[in-house]
Amino acid sequence: MLSYRHSFHAGNHADVIKHLVEVAILMYLMKKDKPFCYHDTHAGAGLYSLDSAQALKTSEYQTGIGKLFHHQASSSALQTYLGLVRELNPDGQLQFYPGSPGIARLLLRDGDSIQATELHPADFPLLQTQFQGRRHCRIEKMDAYAGLRAMLPPLHKRGLVLIDPPYELKTEYQDLVKGLQQAVQRFPQGTFAIWYPVIERASIEAVIDAIVTTGIRNQLRIELCPLPDSSGFGMTGSGMLVINPPYTLANDMREALSEIAPLLGAQVQWTVQQLVEE
Ligand SMILES: C[S@@+](CC[C@H](N)C(=O)[O-])C[C@H]1O[C@@H](n2cnc3c(N)ncnc32)[C@H](O)[C@@H]1O
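Each residue of the sequence shown is one higher than the one before, counting from 163 in the numbering used here.
Below you can see the structure in the form of structure tokens.
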């Protein structure tokens, strides 16, 4: 059952934190003159129109990119992230928003490789179209965890794996913990970034505890909550758990989040916290 469509949510506050972390990690990987691999397990469509019927239904982008699009950023990850969104909207009107594989497509060098899996019958062809003609890329209509087993470790033994499930089913949390353990075993040098929603605080803490107690070293938690916990508005915030983060990531994200927090709302809380040491 695949009822989730990211087009309803594109550009919301959860995309902002997810894509800012993605950009900061990719920028770090690009500092070296050596190719690397970006692997996206739940890739979505790759590009979204914010004036589509789906996006307009809830206009969620107004809780996220809508508040930042015209901001002149000073922190480096934020500058790059906003620059990519502006590249898609050269007339200065916010109409298009990149998905996570779209960000990698815009940012990566020709020699870097991109791997992505997506199962939705409508989103997969949209995704595939954007990568037509790109060298060093593999875009598959395949289950996320089967894709990790099939494609990890990548040829170049450095890179980022972004794991962004829709969490429609309770079993997805168990699949995540098991799939992550197997993937880290296959690609121990890799950086893994897992997006999680904050809907009910106790439940998400239990999932994070389960990942912390796997024994996987070096885990950094980055979270952005526009609303207080359990305020009755569904998803009040979200975060990224990053395994093997670049040593620069915690500071990069402190800078970016302290800059965007006041722009996103008066009640915004954020955290950057090392959960497991190296
Ligand atoms: C949250 S969206 C992804 C958004 C995307 N990562 C981004 O940031 O632009 C989750 C996606 O996972 C896809 N999906 C759901 N279950 C999947 C599975 N088992 N394997 C691969 N993709 C799956 C959904 O169709 C949906 O497009």
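All C-beta atoms, glycine included, are put in the ideal place defined by N, C-alpha and C.
Bear in mind that the values here come from a model prediction, so they are computed numbers and not experimental data.
Q. Within 10 angstroms of its Cβ, does tyrosine 200 collect 16 or more other Cβ (buried), or is it exposed?
A. For the purposes of this step, residue 200 is identified with residue 38 of the sequence shown, where counting begins at 1. Buried, by the Cβ-count rule.
Q) Taking just the CA atoms, how far does alanine 372 sit from alanine 355? A) The sequence position of residue 355 within the sequence shown is 193, counting from 1. The sequence position of residue 372 within the sequence shown is 210, counting from 1. Cα to Cα, the separation comes out at about 16 Å.
**Q.** Residues bridged to valine 323 (per DSSP)
**A.** Here the question's residue 323 lines up with position 161 in the sequence shown. The partner list for valine 323 (beta bridge, DSSP) reads His201, Phe354.
Q. With DSSP run on the structure shown, which of helix, strand or coil describes methionine 313?
A. Sequence index remark: in the sequence shown, residue 313 carries index 151 (1-based). Three-state result, methionine 313: helix.
Q) Measuring from the CB of alanine 239, is there a heavy atom of ligand 1 at a distance below 7 Å? A) Indexing the sequence shown from 1 puts residue 239 at position 77. Because no heavy atom of ligand 1 lies under 7 Å away, the Cβ of alanine 239 does not count as near it: no.
**Q.** Residue of Leu182, Ser165, Ser211 minimising C-alpha distance to alanine 172
**A.** If you number the sequence shown from 1, residue 172 lands on position 10. Minimum Cα distance to alanine 172 is reached at Ser211.
**Q.** 7 Å Cβ shell around glutamate 249 - same chain, five flanking residues per side excluded
**A.** To locate residue 249, count along the sequence shown from 1; it is residue 87. Result list for glutamate 249: Leu268, in chain order.
Q.
On the DSSP letters alone, give me the boundaries of the beta strand (DSSP E) that phenylalanine 258 sits inside.
A. For this step, residue 258 is matched to residue 96 along the sequence shown. Phenylalanine 258 -> beta strand (DSSP E) spans 258 to 260.
Q | Meets three-Cβ-pair contact criterion under 8 Å: the segment 290 to 299 and the segment 220 to 236 | A | no
**Q.** Residue closest to lysine 196, alpha-carbon to alpha-carbon, out of Leu419, Ala312, His318
**A.** Here residue 196 refers to the residue found at position 34 when the sequence shown is read from its first residue. Closest option to lysine 196, Cα to Cα, is His318.
Q: State the Cα-Cα distance for the pair histidine 181 and isoleucine 366, rounded to the nearest angstrom.
A: As a working note, residue 181 is residue 19 in the sequence shown. As a working note, residue 366 is residue 204 in the sequence shown. Looking at the two C-alpha atoms, the distance is approximately 20 Å.
Q) lysine 194 to valine 346, Cα distance in whole Å? A) Within the sequence shown, residue 194 is the residue found at index 32, counting from 1. Within the sequence shown, residue 346 is the residue found at index 184, counting from 1. Distance between the alpha carbons of lysine 194 and valine 346 is about 22 Å.
Q | Any 3 or more C-beta pairs closer than 8 Å across the segment 414 to 433 and the segment 234 to 245 | A | yes
Q: Measure from the alpha carbon of leucine 425 to the alpha carbon of each residue in Phe198, Asn413, Pro252, Gln234, then state which is nearest.
A: Within the sequence shown, numbered from 1, the residue matching residue 425 stands at position 263. That would be Gln234, whose Cα lies nearest to the Cα of leucine 425.
Q: Identify which residue in Asp253, Ser165, Ile405 has its Cα closest to the Cα of glutamine 216.
A: Looking up residue 216 in the sequence shown gives position 54. When only C-alpha atoms are compared, the closest one is Ser165.
Q. When every heavy atom of ligand 1 is checked, does at least one fall within less than 7 Å of the C-beta of proline 359?
A. Taking the first residue of the sequence shown as position 1, residue 359 is located at position 197. Checking the Cβ of proline 359 against ligand 1 gives no.
Q | Contact set for glycine 352: own chain, Cβ-Cβ below 6 Å, skip 5 residues either direction | A | On the sequence shown, residue 352 is found 190 positions in, with the first residue counted as 1. Contacts found: Gly321, Val323.
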